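Peer 1: Structure below; questions to follow.
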Amino acid sequence: MKLSRRQFTKLAGGGLAFASLPATLMKAGLAAEEPIKVGNILDQTGGLNIYSMKQIQAVAMAVDEINEGGGLLGRPLELVFYDAQSNNQLYSQYATQALLRDQVKVIHGGITSSSREVMRPIVQRFGGLLFYNSLYEGGVCDRRHVSTGMVPGQQLDALCPYVVNELGGKKGYILAADYNYGHITAKWLQKYIRDLGGEDLGVEFIPLDVSNFAPIIARIQEAGPDVVWSALVGAAHISFYRQFHATVGKDEIMLAGTTYAVGREQLELTPEEGEGIVIATSFVDDLQTEAAQDFVARFKAYTGEDDFIGEYGEYGYRGVSIWAEAVKKAGSAEPDAVIDALGGVSIEGAGGLYTIDEQTNHNTMNIHIARQGANRRFEIIRSFEQQPPVDTQLVCNLIENPNDTTQYVVEVE
Amino acid sequence: MDTLLVYAYQVAFSFSIFILISLGLAVIFGMMRVINLAQGEFIMLGAYACVVCTAFGLPLWLAVPAAGLIVGLIGIAVERTVIRFLYGRVLDTLLATWGLSLLLVGLVTTLAGPQSQSVPADLGGVSLGGLQVPAYGLVMIGSALAMLVGTYALWRFTNLGLIVRGTMQNPEMARALGTNTSMIYMLTFGFGSALTGLAGALLVPLFGASPTMGLFYIAKAFIAVISGGPWPLLGTLSASGLYGSIDGIVSFAFSSVLGEIAVLLVAILMLRLLPQGITGRLRKGL
Amino acid sequence: MGWLFSDFRRPAGERPGPVWWSFVVVATAVLLSLPLTLDLAQLLDLSVVFVLALLALSMSFLWGYVGILSFGQTAFFGLGGYVYAVAAMNWGDTTLPFLLGIAIPLAFAALLGVFMVYGKISDIYFSVMTLVITLILNRAMRATSGDQYVIGDVRLNGQNGIPGVPPLQVPWDSSVTLFIDHVYYLSVVLAVLVYVGLRLLLTTPFGRILVGIRENERRIELLGYDARRYKFAAFALSGGIAGLSGTMFAIWGNFVAPEMFGLGQAAEVIIWVIVGGKSTLIGPIVGTGVIQYLTSWLGTQGVGQVTLVLGAILIVFVLLFKDGLVPTLGAAIARVFAGRRESGGGGQ
Chain C
32 MKLSRRQFTK LAGGGLAFAS LPATLMKAGL AAEEPIKVGN ILDQTGGLNI YSMKQIQAVA
92 MAVDEINEGG GLLGRPLELV FYDAQSNNQL YSQYATQALL RDQVKVIHGG ITSSSREVMR
152 PIVQRFGGLL FYNSLYEGGV CDRRHVSTGM VPGQQLDALC PYVVNELGGK KGYILAADYN
212 YGHITAKWLQ KYIRDLGGED LGVEFIPLDV SNFAPIIARI QEAGPDVVWS ALVGAAHISF
272 YRQFHATVGK DEIMLAGTTY AVGREQLELT PEEGEGIVIA TSFVDDLQTE AAQDFVARFK
332 AYTGEDDFIG EYGEYGYRGV SIWAEAVKKA GSAEPDAVID ALGGVSIEGA GGLYTIDEQT
392 NHNTMNIHIA RQGANRRFEI IRSFEQQPPV DTQLVCNLIE NPNDTTQYVV EVE
Chain G
914 MDTLLVYAYQ VAFSFSIFIL ISLGLAVIFG MMRVINLAQG EFIMLGAYAC VVCTAFGLPL
974 WLAVPAAGLI VGLIGIAVER TVIRFLYGRV LDTLLATWGL SLLLVGLVTT LAGPQSQSVP
1034 ADLGGVSLGG LQVPAYGLVM IGSALAMLVG TYALWRFTNL GLIVRGTMQN PEMARALGTN
1094 TSMIYMLTFG FGSALTGLAG ALLVPLFGAS PTMGLFYIAK AFIAVISGGP WPLLGTLSAS
1154 GLYGSIDGIV SFAFSSVLGE IAVLLVAILM LRLLPQGITG RLRKGL
Chain Y
63 MGWLFSDFRR PAGERPGPVW WSFVVVATAV LLSLPLTLDL AQLLDLSVVF VLALLALSMS
123 FLWGYVGILS FGQTAFFGLG GYVYAVAAMN WGDTTLPFLL GIAIPLAFAA LLGVFMVYGK
183 ISDIYFSVMT LVITLILNRA MRATSGDQYV IGDVRLNGQN GIPGVPPLQV PWDSSVTLFI
243 DHVYYLSVVL AVLVYVGLRL LLTTPFGRIL VGIRENERRI ELLGYDARRY KFAAFALSGG
303 IAGLSGTMFA IWGNFVAPEM FGLGQAAEVI IWVIVGGKST LIGPIVGTGV IQYLTSWLGT
363 QGVGQVTLVL GAILIVFVLL FKDGLVPTLG AAIARVFAGR RESGGGGQ
């Protein structure tokens, strides 16, 4: 008992020593210019960390690189990280803390739409700025919110014609995660497939914790499609690719996905289980451009880890870089000034040119169609330059309605 | 297409999952009355043990029993360092095993990363009733049955089984008769853990291994074991049979969501009609 | 000095004395004056502790004093939140939705009470049944992502939950809404009221019979009381309190989501209650605060996997504190004072 109490004290003491570390850093930094604080709220802990881990590192790398290059506006950046532990209650608490107590000039963060919708009113209320670096269903119309990831329209506009017309995937069967993203993506898929003269044989929405796909794969076989469209998400759904490979196989029925590889799914499967899956992406590690390969090399050197970064990882770097460019353009890091400067801000990023569309505060980017080949590497089949966020543009116009804060649901058809 | 055969496979597959995830709990909770909230994480440890073993070059059919052995040993270590101080203190067991479950998820994420891992069985598909099913699914069904029969035989027909059952029913009497009850508790907990680890390893080829996978199974396992009633093995078998059938049929005929909800609704009806569980009215059993 | 604590060590059936009342008044005064020194972010963090403490109280009342472990208190918590959210978003006014956020979970708990208590479901079977009920609500709510699932003008929105839940308005003037600091005052006042209310309830004949049921249900029945009626009433009451907690949670965070019904939330409530100590009513409040603070503090400390550290702390905690934080600390303080008196006595 005595021993464990002493151990406990030691543990607690260690914790305190650690907690004082940022304070020391701050004192040291005060001698120079006052830093600009950048908040990053993501899930290092909990079920969503498959999407967050690399992005956390990428955000840190972007901040470090900016500091090494002399900071922004002559001031250093200070990164404040909050681990929201896949819990929306903490997103609410940390967003408030970041804006009020820690006085961050921008929040980068949020993986799920629900976490973003928890933070958005808070950012609105306290006059902040939120960079949401994630793939999502589209439709958010809010000047204090910037979406840097792909929305369904961007992806499917490129992917569907290729799969339906060129690969002959006329008859499709859609599997989507049972939440907003999946439902909206499924609707767009149906529209694109029908418009292209194809046929959607079935649509299934699968709860995020279902990992037994036996009944679903049986139904797919009954329907007999040419291609299965996957908008599956998360740790449980990855089992689908394993079970599909062990049952039907991609030689019988093709697989195309909107979410595959964004969370480095190719790493979770064996090379055979993933081979042949067709995706639409704005960044994969195998993108054979100088910018992409340079980014991959720098990231590996920065983290000391030799594996895939993935789309979600790159989103973090992309978000900070775009924000930094807007700060330079505004000549100020104050949220309102940055927001005014954001429209049309453009950077040459790892996946090509990224331009913030002033009408929607979404990202216009290059979309690449890729197919997983041997050894988990992707072959780029075709690239589409500067795809705008077409779906969100249909419903959102921030130039005309700057005070809009709605997330619209795009009515398909 | 032979519809009956397709349904039969769906039911048997679903049943095997229920058996696999709850058999170890039937021993640890059903017999020992230890509410192990880390049960799901023991499944996860089994899956990772299998991944590690195959990474070291062991073939899958050897990696699976090895994983069972490893998790059994981990179970014994947990019993000696934590659980053994908490017998009879239900609350503290709840808290400690919840802590253990958090700790294990954090530990495995730190060591192996958040991404899930694959170990394929590479058995391909077989045609059943006109549709392809994974051949490994049949292996899972067979293994689940074998584990069930094996556990029953061990408890029912061996001397050790007799001593264990005696100790669980009346530890004072067993001690008076010269049994080292502390050792028996340790072994039983280890055995339950080994079954759980074996289950986790068996799940890997079709479900993979990921740090948070335990969460998907823990509630189902407890519901199956508890609604089975006072006789752990028979109860778990009948509950798994019932829920597996409903899940298999409804999930295939309608959707996975309805399958899950139907299982839960039937669980409520069962408990209302048989307030002491399925085997509550039996006077003798195991 | 020992008399200072005697008020807290009285059996539940006895009326609390002046020391306890003074404690309640002083503690409330201190809590209500905190906004003078804390910033809004800290108030937000503290408010959610008191909001969730209501949920913990609803569980510990039932568990610690009636002997029923309801694993699924989150069923009423989530229901309260959703009822408030849907009603307030449809009607624009928030007073009636607030009351419905308590009344509907209470009615639902009463309905379940009839189903379970009169169905002679007890012990672990009661626990697992309540768990199954909350899981059904969780699954069902998550399955409402499609745009056909609408109540009035409000989409249930499935897994994503409902964002933009309106803040509470002052009943007499719907243009005045509660801000972060007002929500803090309200949550403190509600937590104190429920705490005091439950404490006093236990001193009434009704409350004493409840404790009697925990001690020996058979004997209570032999004395001529219908134990089922009392258990039913206690369950309904605790459902109402959990509903209040859920309603306040929706007001606190302006969102509701299916996780409110989920397994993780359900298990966490039990952990708060055990950490604080279920044999007191103040324990669950302390337990909620400790775990909530630890969780949100660890998230900003760069400890890597938060669950790894939190899990280790819980295991060490179990081995150090046998009956939960409040009872163990209470006993330790009492021992110190008792020891002083003894040594003082020895000197005479």
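Protein chains in written order, with my numbering: chain C, 32 to 444; chain G, 914 to 1199; chain Y, 63 to 410. All residues carry an ideal CB built from backbone N, CA and C; glycine is no exception. Since this is a predicted model, take the numbers as computed values, not measurements.
Quick test of your reading: Val94 of chain C and Leu104 of chain C, contact by CB under 8 Å. State the CB separation rounded to the nearest angstrom.
Peer 2: With 8 Å as the limit, Val94 of chain C and Leu104 of chain C do not qualify as a contact, their Cβ atoms being about 14 Å apart.
Peer 1: Quick test of your reading: Gly308 of chain Y and Phe139 of chain Y, contact by CB under 8 Å. State the CB separation rounded to the nearest angstrom.
Peer 2: Right, their Cβ atoms sit about 4 Å apart.
Peer 1: Using DSSP's beta-bridge definition, name the partner residues of Phe379 of chain Y.
Peer 2: In DSSP, Phe379 of chain Y forms no bridge with anything.
Peer 1: For the beta strand (DSSP E) that Trp1144 of chain G lies in, which residues bound it at each end?
Peer 2: It is not in any beta strand (DSSP E) - Trp1144 of chain G carries neither H nor E in the DSSP assignment.
Peer 1: Quick check: Gly220 of chain Y and Phe317 of chain Y, are their CB atoms within less than 7 Å of each other?
Peer 2: no
Peer 1: Have a look at Ser1158 of chain G and Ala137 of chain Y and give me their C-alpha separation to the nearest angstrom.
Peer 2: 27 Å
Peer 1: Determine whether the Cβ of Phe1102 of chain G lies closer than 7 Å to any Cβ atom of chain C.
Peer 2: By this cut-off, Phe1102 of chain G is not an interface position.
Peer 1: Excluding the 5 residues flanking Trp1144 of chain G on each side, which residues of the same chain have their C-beta closer than 7 Å to its C-beta?
Peer 2: Thr1192, Leu1195, Gly1198 and Leu1199
Peer 1: Which value, in whole angstroms, describes the spacing of the CA atoms of Ile1076 of chain G and Gly988 of chain G?
Peer 2: Their Cα atoms are separated by approximately 20 Å.
Peer 1: Below 7 Å between beta carbons: does that hold for Gly1154 of chain G and Val1163 of chain G?
Peer 2: no
Peer 1: Which first and last residues belong to the alpha helix (DSSP H) in which Ala962 of chain G is found?
Peer 2: Gln952 to Ala968
Peer 1: Suppose contacts are defined by Cβ-Cβ distances below 7 Å. Is Ile932 of chain G in contact with Ala1134 of chain G by that definition?
Peer 2: no
Peer 1: Closer than 7 Å by C-beta to Leu918 of chain G: which residues in its own chain qualify, once you throw out the five before and the five after it? Chain order, please.
Peer 2: Leu1041 and Gly1042
Peer 1: In terms of residue numbering, what span does the beta strand (DSSP E) encompassing Lys68 of chain C cover?
Peer 2: Per DSSP, the unbroken beta strand (DSSP E) holding Lys68 of chain C starts and ends at Ile67 to Leu73.
Peer 1: Quick check on Gly228 of chain C: buried or exposed, where buried means 16 or more other Cβ atoms within 10 Å of its Cβ?
Peer 2: With fewer than 16 other Cβ atoms within 10 Å, it is exposed.
Peer 1: So Val1032 of chain G packs on Val964 of chain G, CB below 8 Å; how close in whole Å?
Peer 2: 6 Å
Peer 1: Between the alpha carbons of Tyr291 of chain C and Val337 of chain Y, how many angstroms are there, rounded?
Peer 2: C-alpha separation (whole angstroms): 42 Å.
Peer 1: Of the residues that make up the segment 190 to 219 of chain Y, which ones have a beta carbon closer than 9 Å to any beta carbon in chain C?
Peer 2: If the cut-off is 9 Å between Cβ atoms, the segment 190 to 219 of chain Y has Arg201, Arg204, Ala205, Ser207, Gly208, Asp209, Arg217 and Asn219 near chain C.
Peer 1: Please report how far the alpha carbon of Leu218 of chain Y lies from the alpha carbon of Gly1079 of chain G, in whole angstroms.
Peer 2: 53 Å
Peer 1: Return helix, strand or coil for Met181 of chain C, following the three-state DSSP convention.
Peer 2: coil
Peer 1: Residues of chain Y with CB closer than 7 Å to the CB of Arg132 of chain C, please, in chain order.
Peer 2: What Arg132 of chain C touches in chain Y: Asp101 and Ala103.
Peer 1: Among C:Ile72, C:Asn71 and C:Lys85, which has the Cα closest to the Cα of Asp338 of chain C?
Peer 2: C:Lys85
Peer 1: What are the boundary residues of the beta strand (DSSP E) that includes Phe415 of chain C?
Peer 2: Phe409 to Gln418
Peer 1: Would you give the residue range spanned by the beta strand (DSSP E) that Met396 of chain C belongs to?
Peer 2: His393 to Gln403
Peer 1: By the criterion of Cβ-Cβ separation under 7 Å, what are the contact partners of Ser307 of chain Y in chain C?
Peer 2: Result: empty, since nearest Cβ-Cβ is about 13 Å, beyond 7 Å.
Peer 1: I'd like the ranges of any beta strand (DSSP E) spanning at least 3 consecutive residues and lying wholly in the segment 991 to 1045 of chain G.
Peer 2: 1038 to 1041
Peer 1: Does any CB atom of chain G fall closer than 7 Å to the CB of Glu299 of chain C?
Peer 2: yes
Peer 1: Quick check on the burial criterion: 16 or more other C-beta atoms within 10 angstroms. Buried or exposed for Asn1093 of chain G?
Peer 2: exposed
Peer 1: Alpha carbon to alpha carbon, how far is Ser242 of chain C from Gly361 of chain Y?
Peer 2: If you draw a straight line from the Cα of Ser242 of chain C to the Cα of Gly361 of chain Y, it is about 29 Å long.
Peer 1: Could you say which of Y:Leu193, Y:Thr157, Y:Leu116 and Y:Leu100 lies nearest to Gly324 of chain Y if we only look at CA atoms?
Peer 2: Y:Leu193
Peer 1: Compare the Cα-Cα distances from Pro183 of chain C to each of C:Leu425, C:Leu429 and C:Asp371 and report the closest residue.
Peer 2: C:Leu425
Peer 1: Ordered along the chain, which non-local residues of its own chain (more than five positions away) have a Cβ less than 8 Å from that of Gly199 of chain C?
Peer 2: Asp257
Peer 1: Kindly indicate which three-state DSSP category Arg1194 of chain G falls into: helix, strand or coil?
Peer 2: coil
Peer 1: Check the C-beta distance from Asp133 of chain C over to Val111 of chain C and give it rounded, since I have them as a contact under 8 Å.
Peer 2: 5 Å
Peer 1: Taking the C-alpha atoms as reference points, what is the distance between Ala1009 of chain G and Gly181 of chain Y?
Peer 2: Roughly 32 Å between the two C-alpha positions.
Peer 1: To the nearest angstrom, how far is the alpha carbon of Asp173 of chain C from that of Gly1121 of chain G?
Peer 2: Roughly 40 Å separates the two Cα atoms.
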